[in-house]
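Quick note on the numbering used here: the sequence shown kicks off at 8 and runs consecutively. All residues carry an ideal CB built from backbone N, CA and C; glycine is no exception. Note sheet for the following structure.
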Amino acid sequence: MKKLLLIILIGVQAINAQDGLIHNGEAWVWSTAVQYKKGKTDSVVFAKLAQIEAGSPVVLSQIPRAQSSLLRLGYFSKNSDAKMYRIANRNVIVPVFDLTDATANFAEASITYDAENSDYNGLLRVQLLNISGTARDFSFGGENSKNYRLAEISYKEPFILGLSGSLKLHGEFLEYDSTRQRNADLKYFQKLGWEWQYSVGGGYKNDNIFSSLSLGYDSRDKVPLTFKGLFTEVSAEFSKFAALGISGEYYQPFSENWTLLLASKGFGMLPSKNYARKDLFFIGGKNDFIGLVPRSIRTRAYGVSEMDFQWHGLKNTALHIFGQNGIYRNTLAFTGWERLLTYGLGWEQGISNASIAIYYALLQGMQPMDGLLNMSMRIGF
């Protein structure tokens, strides 16, 4: 594995390899993290995003963790590995990240065609990240099919009230099977180091007030496609019932051009009973059973596991060979479980500031021409 750090230090007498601390009489401490070549991001904002505390003891392992965390935001791309410089005549080390501004504004469109039922599902979304270099994010979009329509909007305000956490406001309007809903929620997100994050919040959903909690871990890389690392999240919502969930994915490279993705998720409502249709989970689509029409099934409990072999022998390319196995609670009498197996192929290609993706999936027992085709395009601006 290539060495991640190029260290330029003058007058350093010893490095303790066991604890990762630099020693030279008095303690070595961090200075404020900076960009090697300043971009649009405000220097104070960048230092907060890096999460390296000025004045704290120097720990070398913090540098690659901070760099990975910055790249996961989607605000930056990496030119070279981080460097460290010593302030002359002082035991102060300056962490310098060689990152440039990534394309952070995107317009995305996708269409899903159900060959068996000759039905379409369309989605449009606009995403604005790191607005004016302030780490503020804003997105809006909508989805439409024969039986389901959605319009949603979200906004993130970082470092609220001088804290290191952020507030995120999300609102949506849904219409399905002649039912209309207006939902809104507000969440506070707080980083716990570079990989861990928790959130607390609440809002109004399905004519009820609810509260929510989540705890997540994310060590995935982003270059820009993910090829290694682990993500997991546990979440809960509480109103007249509890909606609990856990999800995760693990990327393991096993050759120069191949990566194996193992993923799973499960969600359920407690206590176990029949609920109004508007309270149930929607499943189907790229995130929950690729071979099902997006948001085509409502259920109070479901689980899915996925195995995805990814080939990325060409630059910014990923070829997927995947299978998904799962179950969901019968949506009529809630007396049993329905089993599903979907499988198929996918292809993603990055082209300059744009990317395209095509997936074709079949349910077990389907004829080869009766599958679900999903085509999407994402354009940066």
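One Cα belongs to Gly-236, the other to Arg-97, and the distance between them is close to 37 angstroms. Counting only runs of at least 4 residues, the stretch 184 to 232 fully encloses no alpha helix (DSSP H) element at all. Ala-364 places its beta carbon 8 angstroms or farther from that of Gly-378. In this chain, Val-300 is not harboured by any beta strand (DSSP E), its DSSP state being neither H nor E. Within its own chain, the residues whose Cβ lies closer than 6 angstroms to the Cβ of Ser-117, once the five positions on either side in sequence are excluded, are Leu-130 and Ser-383, listed in chain order.
Leaving aside the five residues that flank Asp-315 on each side, the residues in its chain whose CB is nearer than 6 angstroms to its CB run, in chain order, Leu-268, His-327 and Phe-329. With respect to Lys-293, Asn-381 sits close: the two C-beta atoms are nearer than 8 angstroms.
Contact between the stretch 340 to 350 and the stretch 77 to 90 is absent, with fewer than three C-beta pairs closer than 8 angstroms. Its Cα nearest to that of Tyr-309, the residue Asn-337 stands out among Ala-114, Leu-321 and Asn-337. In the three-state reduction of the DSSP assignment, Ser-63 falls in the coil class.
Asp-49 sits in coil when the DSSP states are folded into three classes, being neither helix nor strand.
Ranking Leu-321, Trp-344 and Gln-331 by CA distance to the CA of Ala-270 puts Gln-331 first. Restricting attention to Asp-192, Leu-168 and Ser-171, the CA atom closest to the CA of Glu-179 is found in Asp-192.
Under the DSSP definition of a beta bridge, Leu-78 lacks any partner. Counting along the chain, Asp-108 sits inside the beta strand (DSSP E) bounded by residues 106 to 108. At the C-beta level, Ala-40 and Phe-113 stay beyond 8 angstroms of one another.
Between the C-alpha atoms of Gln-42 and Met-91 there is a straight-line separation of about 11 angstroms. Residues Ile-59 of the same chain have their beta carbon placed closer than 7 angstroms to that of Gln-69, with the five preceding and five following residues left out of the count.
A residue is called buried once 16 or more other Cβ atoms fall within 10 Å of its Cβ, and Glu-256 is buried on that count. Around the beta carbon of Ser-279, a 10 Å sphere encloses fewer than 16 other beta carbons of the protein chains shown; the residue is thus reported as exposed. Bounds of the beta strand (DSSP E) holding Ile-365 are 361 to 370. Taking 8 angstroms as the cut-off, the beta carbon of Phe-238 is found closer than this to the beta carbon of Asp-225. Annotation: Ile-334 to Leu-222 spans about 25 angstroms, alpha carbon to alpha carbon. Residues Ser-38 and Tyr-92 of the same chain have their beta carbon placed closer than 6 angstroms to that of Val-101, with the five preceding and five following residues left out of the count. Shown here for Gly-140: same chain residues with a beta carbon closer than 8 angstroms to its own, the five before and five after excluded, namely Gly-46, Lys-47, Thr-48, Asp-49 and Val-52 in chain order.
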